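Q: Residue numbers (full-length UniProt numbering), protein chains in the order written: chain S, 1 to 338; chain D, 1 to 338.
Glycine included, each C-beta is placed from N, C-alpha and C at the ideal position.
Everything numeric in this text was worked out from a predicted model, so none of it was measured.
I'd like to ask some things about the structure below.
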DNA sequence: CTGTTAGCGCATTCAT
DNA sequence: ATGAATGCGCTAACAG
């Protein structure tokens, strides 16, 4: 059996209340008893049970975090940012990996609720009516990362302006002189990296009066290197070839470049490539990748900061933090050769 | 106020015991009451409080995980593996990032204990007498990843044979014909990636009767790309140059290659490079990296499996899982040119 | 200053 | 089959 406050009290010859008082320094206790008690604590190796404390105070000191996967540096950056703020605010984080499944996510949200999380951060790409319902009824403050919270007024969000960022990236290609520009995009159910970045791409084309071409847009379900490879393969199969391809993320861009290298297509000589995320990969690949930089770590920090703020005030609010992004020009882009 | 079992009981016109019984299906309850209660649960949106349950059952369903950082794919792979097993065993994961500080880690272990974790997994590089003490007295089963647990008989470990793996990598260089082989190694306080891989390097040299050269060994405190860059710079400053360099990890290898490229040294023409980890980077960098593959995800799975096994049996044990590794030959290595 | 007591929310005896 | 009562480990209000 684990040692309880009662064991300590007995050993020190005092009441449990007195033990509690010295451990929490909640009330003055005579020096003599204090010493006896500390000695008993030492000898028994007593550690107060945080579960019992939580039950009394209705404060668990726990925040729940859900991410679809952790292997992607974007998500691990988020987690690291969240964890650092949580830690320095005295909170512990419960991490759940949803694997992109809506059902899993909802189940985790339920678990977070029964486990009395004081705050919840969700960094997910999927969204459903049940999600919406859950966040509406959730008793604790919540922050959603990476996608607007819709009309939810009691939920904070930390995002970047994906549409604008994508628009700027494609505009840069147009300014270089490109007019035949393709895109390897993410899935339609992914609001941020799927839909919004595609919308930004369309914005830039529209602004330059460039009619969009179906054959130059490949839709992928995942954001892995292989998706870039397959997406580029699909686009390359079109009769007329684009001179530039904007990719929904760096991994896709790398995969695209791998396919092009296999086919003997020179980057950026024959085809320019732009990525998104500026993960470490982007600097290391050859040629180094022109891409959109943003800061997942900082995003996690912001999200956790908004959350702790709400937890302190004991009330939910609906702030939106839009983090900066920036086009980083490297060596995978050049004016078209013709 | 949050809704409790009492509210449900009142609303359904029954005692709290009956509500508890239908929710846990612990005893038969008449169909009529059962329906009334379920209705009351629906209407109130009642969720049982897991904290109160934990207090009764002395089971929190929580496992604590400590990693030094999450940004490195090795650690995120571990976490993903652990999380997947924990989840399917009905446990939730509390994640703590220690930032390599011994004090932080010890504090987290204390927190894990007060928070009544049912199991603890530590993937750390540092070690101290206090660590040892903590694991000896810890009431819950523990698994240490990445380093032998010393003489701790009640702690499981999941490791790879770093020394042998490093030995094989360097032996491969020797078989290619190299005799002037350097190493960019990790810090001395890092048992696995620092000391053991260096020991393996020395083993291979010794076996081939190659005297070690101080100038060809660079010691780095971190495992980042910049460390490889600086380490290679240091080694390149030696009067006589090596023809091959074994690196303690892939990032270091990439950094080394970046320096060499800047200096116009061809890889593998003038100098061969071997990495360690086989992270995604290794396939993508040019030239692609010869490296030692192992499986962090699988390691996390093994660790979590050993942990859940112990938690089920309610007793600690001292198993050791040694996971496989494998040299993957790519394009960064070749016979020496002379 | 110190001890006794009443819960925190729930599961589980023990009665009925 | 159901309800009342006890207690998990601890804190806080109440007495002394």
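Kindly list, in the order they appear in chain S, the residues whose Cβ is closer than 8 Å to that of residue 45/D.
A: Against the second chain, residue 45/D aligns to sequence position 45. Near residue 45/D (Cβ distances below 8 Å), the residues of chain S are 137.
Q: Determine the direct distance from the alpha carbon of residue 284/D to that of residue 70/S, and round the result to whole angstroms.
A: As a working note, residue 70/S is residue 70 in the first chain. As a working note, residue 284/D is residue 284 in the second chain. The alpha-carbon atoms of residue 70/S and residue 284/D are separated by roughly 20 Å.
Q: Provide the residue span of the alpha helix (DSSP H) that contains residue 173/D, from first to last.
A: Residue mapping note: residue 173/D aligns to position 173 of the second chain, counting from 1. Its alpha helix (DSSP H) spans residues 162 to 175.
Q: For chain D, is any of its Cβ atoms less than 8 Å away from the one on residue 284/S?
A: Position 284 of the first chain, counted from the first residue, corresponds to residue 284/S. It does: the Cβ of residue 284/S has a partner Cβ on chain D nearer than 8 Å.
Q: Under 8 Å, with one C-beta from each stretch per pair, do the region 301 to 321 of chain S and the region 76 to 92 of chain S reach the 3-pair mark?
A: These segments touch.
Q: Would residue 150/D pass as an interface residue toward chain S - the criterion being a Cβ-Cβ separation below 8 Å?
A: The residue you call residue 150/D lines up with position 150 of the second chain. Output row for residue 150/D: interface = no.
Q: What residue range is occupied by the uninterrupted beta strand (DSSP E) comprising residue 64/D?
A: By one-based count along the second chain, residue 64/D stands at place 64. Segment 62 to 67, the beta strand (DSSP E) holding residue 64/D.
Q: Name the DSSP beta bridge partners of residue 321/D, please?
A: Mapped onto the second chain, residue 321/D falls at position 321. According to DSSP, residue 321/D bridges with 158/D.
Q: Is it buried or exposed, residue 372/S, if we count other Cβ atoms within 10 angstroms and call 16 or more buried?
A: Nothing in the structure corresponds to residue 372/S, since chain S is present only between 1 and 338.
Q: When you compare the CB of residue 71/S with every CB in chain D, is at least one pair closer than 8 Å?
A: As a first step, residue 71/S is located in the first chain; it is residue number 71 there, counting from the start. So yes, residue 71/S belongs to the interface.
Q: Would residue 68/D and residue 125/D qualify as a contact pair, given that the criterion is a beta-carbon distance under 8 Å?
A: Along the second chain, read from residue 1 onward, the residue named residue 68/D stands at position 68. Along the second chain, read from residue 1 onward, the residue named residue 125/D stands at position 125. Yes, Cβ-Cβ distance for residue 68/D and residue 125/D is below 8 Å.
Q: So with CB distances below 7 Å, who are the chain S contacts of residue 120/D?
A: By 1-based counting over the second chain, the position of residue 120/D is 120. None at all; the shortest Cβ gap to chain S is about 13 Å.
Q: Buried or exposed for residue 325/D, going by 16 or more other Cβ atoms inside 10 Å?
A: By one-based count along the second chain, residue 325/D stands at place 325. That one is buried.
Q: Shorter than 8 Å from the beta carbon of residue 77/D to some beta carbon of chain S?
A: The sequence position of residue 77/D within the second chain is 77, counting from 1. Yes, residue 77/D counts as interfacial toward chain S.
Q: Using beta-carbon positions only, say whether residue 225/D and residue 247/D come within less than 8 Å of one another.
A: For the purposes of this step, residue 225/D is taken as the residue at position 225 of the second chain. For the purposes of this step, residue 247/D is taken as the residue at position 247 of the second chain. No, these two residues do not count as a Cβ contact at 8 Å.
Q: Find the nearest neighbour of residue 296/D within the set 212/D, 251/D and 323/D, judged by alpha-carbon distance.
A: Position 296 of the second chain, counted from the start, is the residue given in the question as residue 296/D. Minimum Cα distance to residue 296/D is reached at 323/D.
Q: Return yes when the Cβ of residue 119/D is within less than 8 Å of the Cβ of residue 315/D, no when it is not.
A: Indexing the second chain from 1 puts residue 315/D at position 315. Indexing the second chain from 1 puts residue 119/D at position 119. No, these two residues do not count as a Cβ contact at 8 Å.
Q: Give the single residue among 15/S, 101/S and 336/S whose Cα lies nearest to the Cα of residue 190/S.
A: Reading the first chain from its first residue, position 190 is the one you call residue 190/S. Answer by Cα proximity: 101/S.
Q: Please tell me whether residue 200/S and residue 166/S are closer than 8 Å, where the distance is taken between their beta carbons.
A: By 1-based counting over the first chain, the position of residue 200/S is 200. By 1-based counting over the first chain, the position of residue 166/S is 166. It is a contact, given that the beta carbons lie within the stated cut-off.
Q: Quick one: residues in its chain with C-beta nearer than 6 Å to the C-beta of residue 300/S, no 5 flanking neighbours on either side, listed in chain order?
A: Stepping through the first chain from its first residue, residue 300/S is reached at position 300. Here the set comprises 78, 81 and 82.
Q: Look at the alpha carbon of residue 76/S and the alpha carbon of residue 75/D, and state the distance between them as a whole number of angstroms.
A: For this step, residue 76/S is matched to residue 76 along the first chain. For this step, residue 75/D is matched to residue 75 along the second chain. Straight-line Cα distance between these residues: approximately 10 Å.
Q: Determine, for residue 60/S, whether the minimum Cβ-Cβ distance to residues of chain D falls below 8 Å.
A: Here the question's residue 60/S lines up with position 60 in the first chain. Yes - at least one Cβ of chain D is within 8 Å of the one on residue 60/S.
Q: Below 9 Å between beta carbons is the criterion; list the residues of the region 91 to 107 of chain D that meet it against any residue of chain S, in chain order.
A: Flagged, chain order: 92, 93, 94, 95, 96, 97, 99 and 104.
Q: Using only the alpha-carbon positions, how far apart do residue 258/D and residue 173/S sit?
A: In the second chain, counting from the first residue as 1, residue 258/D sits at position 258. In the first chain, counting from the first residue as 1, residue 173/S sits at position 173. If I take the Cα positions, the gap works out to 28 Å.
Q: Note down the Cα distance separating residue 40/S from residue 30/D, rounded to an integer number of angstroms.
A: Here residue 40/S refers to the residue found at position 40 when the first chain is read from its first residue. Here residue 30/D refers to the residue found at position 30 when the second chain is read from its first residue. If you take the alpha carbons of residue 40/S and residue 30/D, they lie about 51 Å apart.
Q: So residue 55/D contacts chain S; which residues on that side make the cut at Cβ distance below 7 Å?
A: Within the second chain, the letter at position 55 stands for residue 55/D. Those are 51, 52 and 55, listed as they occur along chain S.
Q: Along chain D, which residues have their Cβ under 7 Å away from the Cβ of residue 111/S?
A: Translated into positions along the first chain, residue 111/S becomes position 111. Under the 7 Å cutoff, chain D gives 92.
Q: Kindly list the residues whose CB is nearer than 8 Å to the CB of residue 233/S, restricted to its own chain and excluding five residues on each side of it in sequence; keep chain order.
A: In the first chain, the residue the question calls residue 233/S occupies position 233. Excluding residues within five positions, the ones whose Cβ falls inside 8 Å are 259.
Q: Within the same chain, show all residues whose beta-carbon is closer than 7 Å to that of residue 93/S, passing over the 5 residues directly before and after it, in chain order.
A: Residue 93/S sits at position 93 when you count from the first residue of the first chain. Closer than 7 Å at the Cβ level, and outside the excluded window around residue 93/S, lie 63, 65, 82, 83 and 86.
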